[in-house]
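Per my numbering, residue 40 is the first one in the sequence shown, and the count goes up by one each step. Where a beta carbon is used, it is the ideal one built from N, C-alpha and C, also for glycine.
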Amino acid sequence: MFLGLLDPEASLYERAFSRYRARSEHDTLQRVLKEEFNVNVLRLDKTLADAADRNSEIRQKLIDMALSVLKFDGTPSEADEARNQMKHDIDLYDTNHFIDIMLLRPEVHLKSATGASAAHMRITSSDPLSNLYFMRDQQATTDKGIFMSRMSKPQRRHEPEFTELLWKSLNLPIAGRGSGNATIEGGDFIPMKD
């Protein structure tokens with residue numbers, strides 16, 4: 040959410056807002072759903088981290104997804120060295136490290152400098168997933184399973200890739216997904232009858 044608030048309009052927010060107050064309102068909503076309506080509220084990051092820590096296959100899928108979005112650039116040798124170091128250190132990182140990579144979608148720009156092992160590093164974020172507080176749009180739930188959306192806005196296009204891993208980690212069936220140029224979002228879905 041922090042990166043999204045740097046440019047609310049580009050992040051598809053209606054307006055700027057207090058991140059602290061938004062989190063407080065969200066925490067209150069979760070509490071009311073749990074305590075007053077007995078709803079089991081799952082947080083995407085915690086649920087996925089717990090599943091990945093219990094199941095090495097889910098952890099490996101998360102790592103593979105994170106490495107596919109993490110970009111290194113600089114000279115070819117600098118980028119290769121950084122990429123290889125990341126792969127070498129995989130087992131040292133906790134699961135939340137890879138969740139953060141998925142959320143922030145970082146690009147690490149490297150440039151050699153003079154001196155012993157000196158380098159300049161600049162990190163940017165390309166299409167960070169800053170709208171995941173809104174969890175209805177990435178999918179629609181049907182009687183046959185979860186249908187994964189193809190988001191209409193480029194800023195949100197990668198969200199279903201991430202949430203699909205969550206649903207799979209919970210062993211929920213994926214009934215299908217939007218493809219091609221068609222767009223559909225969970226908020227567009229209205230169940231009617233059979």
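Whole-Å CB distance - S164 paired with S50, under 8 Å assumed: As a position in the sequence shown, residue 164 is number 125, starting the count at 1. As a position in the sequence shown, residue 50 is number 11, starting the count at 1. That pair is no contact at about 11 Å.
Test item: CB-CB of R175 and G215 under 7 Å: Taking the sequence shown and counting its residues from 1, one reaches residue 175 at position 136. Taking the sequence shown and counting its residues from 1, one reaches residue 215 at position 176. Not closer than 7 Å, so no.
Which of helix, strand or coil DSSP assigns to T134: Working through the sequence shown from its first residue, we reach residue 134 at position 95. Three-state result, T134: helix.
Reduced DSSP category for F41 - H, G, I as helix; E, B as strand; rest coil: Along the sequence shown, one-based indexing puts residue 41 at 2. Reduced to three states, the DSSP call for F41 is helix.
Whole-number beta carbon distance between I162 and E146, since they are thought to touch under 8 Å: Against the sequence shown, residue 146 aligns to sequence position 107. Against the sequence shown, residue 162 aligns to sequence position 123. So it is a contact: roughly 7 Å between Cβ atoms.
Contacts around L42, its chain only, beta-carbon distance under 8 Å, and the 5 residues preceding and following it disregarded: Numbered from 1 along the sequence shown, position 3 holds the residue referred to as residue 42. So the qualifying residues of the chain are S50, L143, S164, P167, S169.
Residue span of the beta strand (DSSP E) that contains T222, given as start and end: If you number the sequence shown from 1, residue 222 lands on position 183. Taken as a continuous stretch (DSSP letters only), T222 belongs to no beta strand (DSSP E), as it is neither H nor E.
Span of the alpha helix (DSSP H), counted from its first residue to its last, around K207: Taking the sequence shown and counting its residues from 1, one reaches residue 207 at position 168. Looking at the DSSP string, the run of the alpha helix (DSSP H) that includes K207 is 198-208.
For E224, the nearest candidate out of Q178, L109, F76 (CA to CA): As a working note, residue 224 is residue 185 in the sequence shown. Ranking the options by Cα distance to E224, first place goes to Q178.
Beta-carbon contacts of G113 that lie in its chain and below 7 Å, excluding the five residues immediately before and after: Translated into the one-based positions of the sequence shown, residue 113 becomes position 74. These residues qualify, in order along the chain: H148, L149, K150.
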